[in-house]
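Protein sequences appear in the order of chains A and B.
My numbering puts the first residue of the first sequence at 1, with every later residue one more than the last.
My numbering puts the first residue of the second sequence at 1, with every later residue one more than the last.
One structure is given below, encoded as structure tokens.
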Amino acid sequence: MNKVLLGILVGAILGVFDGLSAWFTPEVRNQLMGIVFGSTIKGLIAGVLIGFFARKVHSLALGLVFGLAVGLLLAYAVAAMQPGPNHYYFQIMLPGGIVGTIIGYATQRFGQPVQSAAS
Amino acid sequence: MTWLSDSALERLRAAADAPDLAGTRYQLVSKLGQGGMGGVFQVEDQVLERQVALKAVSIADPQGTLAARLLQEARIIARLEHPGIVPVHDAGMLPDGRPYYTMKLVQGQRLDAHVVAVTTLTDRLRLFLRICDPVAFAHAHGVLHRDLKPSNVMVGPFGEVLVMDWGLSKLLHDPQQREKASVASDNLPTVPPADRTAHGTVLGTPGYMAPEQAEANAVIDQRADIYSLGAILQFLLAGALPLPRALDAIRKQAMNVDSSRRYHAVQELSADIQHFLDGVAVSAYPEGPLTRMWRWVRRNRAWILLLLVYIVVRALLIFFRPH
């Protein structure tokens, strides 16, 4: 499996679980499907970006930092889009950053690098 | 009568020992060492203008046994084309009637000297795997080395590993080479120096030689070399305390006195070492469920840590969520 595909897969799985954790918050439980869908899309986007980065840059440290940055950035965007006065930046960005870091780790450690064409 | 001094005698002995290279393409540079049946010399190949090593019989050989063995050694090495085995360039007869062969001149250190600079267990095991490769290759081509020991392994300046001195090698399934492995039958000294294999004595080196190799009429196979590899592994692990149990089990299985309980192929031994390096189970060490789980946790600790951090953060955010 190549690194981009691995990033997409890990991002999607973590996105689903991240979204499902909203079930523990009764106030938003009726919006669970929408949250899971949005979280999965966020995970997919993070997976693509981090997967492409891992394909270009082979460094665990840089992969973790990039994953964290992408996770935080996407989570910030999601938090900023929240309706109402409370955006829950901390509550959304903290787990989002960790999810990005996990994707960064997975894509650096595993997945096949792209084979260069024979000259 | 004039007595010759020791140094004069030594010079005379060296001159008599030196190969007669007159009329050949080679010019003597220096003597590199002395093996059980011959000397190894550094010579210059004047045609190709390069330094090579020349091995020639250097002790009395009235029956031609050593000459035949030297030629056999050259033929065996020549059939083993592997980066871990020194290539033979040429073989023939010197003007003084002694057979010889030339091979690549290996620049580097013997394993017993090189190992001092290899400090980590992982690096030593990787080095060991590189020793296993040419031996496995030789076995695949029906050749036993029979004298594997640290002084017969050279490590080059770029880390390349070469298994040397195939003078005692034996072709498997060769009826003419069914030989009695042990005791001297000629007039050569029966107690060789501890670190040298001499013709007509025990074929092998004590400490590195499989027990069955010391038995008269014993038929030996690749498991004798596996025993020697186990002894080399033991040498490489000396001082690595505490020795991990799995690694000790690998060493014990390779060096089992009962050859039927050893690894049956070098690949099995190197696979176990590779598994140990990869942190997975080794065949020589059956482990319980707790050990297996602990090893899995250690191997996947980064994953587990990241997921635990995520779960803890999630749990804290749920527990302390704003109402």
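Beta carbons: idealized from backbone N, C-alpha and C, even for Gly.
Put simply, the backbone Cα of B/Phe158 is about 15 Å away from that of B/Ile131.
Against chain A, the beta carbon of B/Arg295 has no neighbour under 9 Å; the closest one sits roughly 18 Å away. Contact of A/Arg109 with chain B is assigned, a C-beta pair being separated by under 9 Å. Taking a contact as a CB-CB distance under 8 Å, the pair B/Asp225 and B/Leu144 counts as one, their CB atoms being some 6 Å apart. If you ignore the 5 residues before and after B/Ala91, its C-beta comes within less than 6 Å of the C-beta of Ala74 and Tyr101, all in its own chain and listed in chain order. In this structure, A/Leu44 lies near A/Gly15, with their beta-carbon atoms less than 9 Å apart. In the DSSP assignment, B/Val312 falls within the unbroken alpha helix (DSSP H) covering Arg301 to Phe319. Sequence-ordered contacts of the region 75-108 of chain B with chain A are nonexistent [C-beta pairs closer than 9 Å]. Within 7 Å of the CB of A/Phe24, the CB atoms of chain B belong to Ile318, in sequence order along the chain. Per DSSP, the continuous alpha helix (DSSP H) segment holding B/Thr122 begins and ends at Leu121 to Ala140.
Considering only B/Met255, B/Gln234, B/Leu308 and B/His264, the residue with the shortest C-alpha distance to B/Gln222 is B/His264. Cβ contact annotation for B/Gln234 (same chain, cutoff 8 Å, sequence separation greater than five): Arg251 and Met255, in chain order. Per DSSP, B/Asp45 lies in no alpha helix (DSSP H) segment; the continuous beta strand (DSSP E) that holds it begins and ends at Gly38 to Asp45. A residue is called buried once 16 or more other Cβ atoms fall within 10 Å of its Cβ, and B/His139 is buried on that count.
B/Trp303 has a beta carbon lying within less than 9 Å of a beta carbon in chain A. Contact annotation for B/Leu308 against chain A: no contact, minimum CB-CB distance about 10 Å [criterion: below 8 Å].
For B/Gln27, the secondary structure class from DSSP, reduced to helix, strand or coil, is strand. Excluding the 5 residues flanking it on each side, B/Ala249 has same chain C-beta neighbours closer than 8 Å at Val282, Ala284 and Tyr285, in chain order.
Membership of B/Thr102 in the beta strand (DSSP E) is indicated by the continuous run Pro99 to Lys104. Counting along the chain, no beta strand (DSSP E) covers B/Ala67; the unbroken alpha helix (DSSP H) around it starts and ends at Thr65 to Arg79.
B/Met154 and B/Gln109 do touch by the CB rule: their CB atoms are close to 7 Å apart, below 8 Å.
Between B/Gln46 and B/Leu32, the beta carbon gap of about 18 Å keeps them out of contact (Cβ cut-off 8 Å). Linking B/Leu127 to B/His82 through their CA atoms gives a straight-line distance of about 17 Å. Here B/Lys149 carries a coil assignment [DSSP, helix/strand/coil]. In the structure shown, the three-state DSSP call for B/Met154 is strand.
Segment contact: the region 96-108 of chain A against the region 65-80 of chain A, three or more CB-CB distances shorter than 8 Å; contact assigned. A straight line joining the alpha-carbon of A/Val36 with that of A/Val10 spans about 15 Å.
In this structure, DSSP gives A/Val28 a helical state, which the three-state scheme calls helix. Per DSSP, A/Met93 is not a residue of any beta strand (DSSP E); the alpha helix (DSSP H) it occupies stretches across Tyr89 to Arg109. When B/Val309, B/Leu306, B/Ile311 and B/Gly279 are compared, the shortest CA-CA separation from B/Arg298 is found for B/Gly279. From the listed residues B/Leu317, B/Gln51, B/Ile311 and B/Val135, the smallest Cα separation to B/Ile85 is found for B/Val135. When the five nearest sequence neighbours on each side are left out, the beta carbons in the same chain lying within less than 6 Å of the beta carbon of B/Gln267 are those of Ala136, in order along the chain.
When DSSP states are grouped into helix, strand and coil, A/Ile8 belongs to the helix group.
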